[in-house]
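Participant:
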Ligand SMILES: Cc1cc2nc3c(=O)[nH]c(=O)nc-3n(C[C@H](O)[C@H](O)[C@H](O)COP(=O)(O)OP(=O)(O)OC[C@H]3O[C@@H](n4cnc5c(N)ncnc54)[C@H](O)[C@@H]3O)c2cc1C
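Residue numbers (our numbering): 12 to 302.
(1) Quick one: is residue 272 buried, meaning 16 or more other Cβ sit within 10 Å of its Cβ, or exposed?
(2) Going by Cα to Cα distance, which pick from 208, 191, 189 is closest to residue 198?
(3) Determine the contact status of residue 157 and residue 179, defining contact as a CB-CB distance below 8 Å.
(4) For the structure I just gave you, are there three or more beta carbon pairs, one from the stretch 60-67 and one from the stretch 92-106, closer than 8 Å?
(5) Could you tell me which whole beta strand (DSSP E) segments of length 3 or greater appear in the stretch 114-202?
(6) How is residue 253 classed by DSSP in three states: helix, strand or coil?
(7) Does residue 231 come within less than 8 Å of chain B when only Cβ atoms are used?
(8) Could you tell me how far apart the beta carbons of residue 287 and residue 191 are, in whole angstroms, since I believe they sit closer than 8 Å?
(9) Is the Cβ-Cβ distance between residue 119 and residue 90 less than 8 Å?
(10) Quick check on DSSP: helix, strand or coil for residue 64?
(11) Kindly identify the DSSP beta-bridge partner or partners of residue 56.
(12) I'd like the span of the alpha helix (DSSP H) that includes residue 20, first residue to last.
(13) Would you give the residue range spanned by the alpha helix (DSSP H) that residue 290 belongs to?
(14) Express the C-alpha separation of residue 159 and residue 85 in angstroms, rounding to a whole number.
(15) Going by C-alpha distance, which of 279, 131, 40, 229 is nearest residue 87?
(16) Check whether the Cβ atoms of residue 139 and residue 234 lie closer than 8 Å to each other.
(17) Relative to the C-alpha of residue 221, which residue among 227, 237, 253, 213 is closest?
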């Protein structure tokens, strides 16, 4: 049984007031990860004395274009990502990823900020956000700092969020012409499935039909989602007609094993991950061919 006081903030300023003056404060957004962890007395949940409900802070519920970035408030729900016109226009990969999350109830409550800070190896928004080079803005009573998502994630269910920090904004640099993006997820069941494996792939195919700036990020394949630089390097610089897809499939499987070692799930995951990368690249190649 946990004992804690319940606090509510209606403004970022109020949340920072509590984070400044109190210790052992746990932030509550949609609660779809946190409340489950409280109920099952998860060993991952650190001791806390205060639960700070931020879910009514309107300032954290926005999606807006700012200069060369699309900025998303941390309280934007998965349903809002799916329904937003700016997301559909600039980053449909996020819409597809959000569509695969949980059930309508989970998508209506679960937030992008909670998905990021919970830092599950199976968090569906992390692979596309890492592939899109998203940055997170963290605000504390002492000021603001910004990290890339790759810098922010530090392990399975671990981030560099400090005790008195609030994740306020996710900033995604806009993609120039020629970029293509793909997200795929394989779940155990059709709905309510935590990803068994997923893959986000963002790349640019230039006017000579050569792959450039590929970003390849599997989900549920490694202790926490991260880029696969060896596979990216094997794709970059290749002409769409010269890319050996089977070879890329082998490279990505080897790169996964180099990070995780061999596990009971390796025979399945190696084959499935190869299939996902081949499928995504085939789709890109066919799109480039019709340019
Ligand atoms: C039945 C079920 C199915 C699910 N299916 C999926 C799925 O398919 N894919 C998937 O990716 N996830 C899934 N989830 C997990 C969950 O719904 C998502 O991770 C969701 O996005 C979490 O957001 P939340 O707002 O509910 O976070 P919360 O539970 O409120 O918080 C999660 C963590 O983030 C911290 N936090 C939240 N917001 C902030 C902030 N702004 N600043 C600092 N810290 C913050 C909290 O303190 C807590 O540690 C599922 C969960 C359930 C219960």
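For every residue, glycine included, the Cβ atom is placed at its ideal position computed from N, Cα and C.
Remember, predicted model here, so these are calculated numbers, not experimental data.
Facilitator: The short version:
(1) The residue given as residue 272 occupies position 261 in the chain shown. Counting Cβ neighbours within 10 Å, residue 272 comes out exposed, since fewer than 16 surround it.
(2) Along the chain shown, one-based indexing puts residue 198 at 187. The shortest C-alpha separation from residue 198 is found at 208.
(3) Against the chain shown, residue 157 aligns to sequence position 146. Against the chain shown, residue 179 aligns to sequence position 168. Residue 157 is not a Cβ neighbour of residue 179, given a cutoff of 8 Å.
(4) no
(5) 146-151, 154-159, 164-166, 177-184, 190-198
(6) Your numbering for residue 253 matches position 242 in the chain shown. The answer is coil: DSSP assigns residue 253 none of H, G, I, E or B.
(7) Structure shown: chain B not included; a single protein chain is present.
(8) For the purposes of this step, residue 287 is identified with residue 276 of the chain shown, where counting begins at 1. For the purposes of this step, residue 191 is identified with residue 180 of the chain shown, where counting begins at 1. That pair is no contact at about 15 Å.
(9) Against the chain shown, residue 119 aligns to sequence position 108. Against the chain shown, residue 90 aligns to sequence position 79. Against a cut-off of 8 Å, the Cβ pair of residue 90 and residue 119 comes out as a contact.
(10) On the chain shown, residue 64 is found 53 positions in, with the first residue counted as 1. Strand at residue 64.
(11) Here residue 56 is taken as the residue at index 45 of the chain shown, counted from 1. BP columns for residue 56 are empty, so no partner.
(12) Locating residue 20 in the chain shown gives position 9, counting from the first residue. Premise fails: residue 20 is in no alpha helix (DSSP H) and is neither H nor E.
(13) Within the chain shown, residue 290 is the residue found at index 279, counting from 1. First-last of the alpha helix (DSSP H) with residue 290: 277-300.
(14) In the chain shown, the residue the question calls residue 85 occupies position 74. In the chain shown, the residue the question calls residue 159 occupies position 148. Distance between the alpha carbons of residue 85 and residue 159 is about 15 Å.
(15) On the chain shown, residue 87 is found 76 positions in, with the first residue counted as 1. Among 279, 131, 40, 229, the Cα nearest to that of residue 87 belongs to 40.
(16) Within the chain shown, numbered from 1, the residue matching residue 139 stands at position 128. Within the chain shown, numbered from 1, the residue matching residue 234 stands at position 223. Contact flag unset, no.
(17) Within the chain shown, the letter at position 210 stands for residue 221. Of the listed residues, the one whose Cα sits closest to residue 221 is 253.
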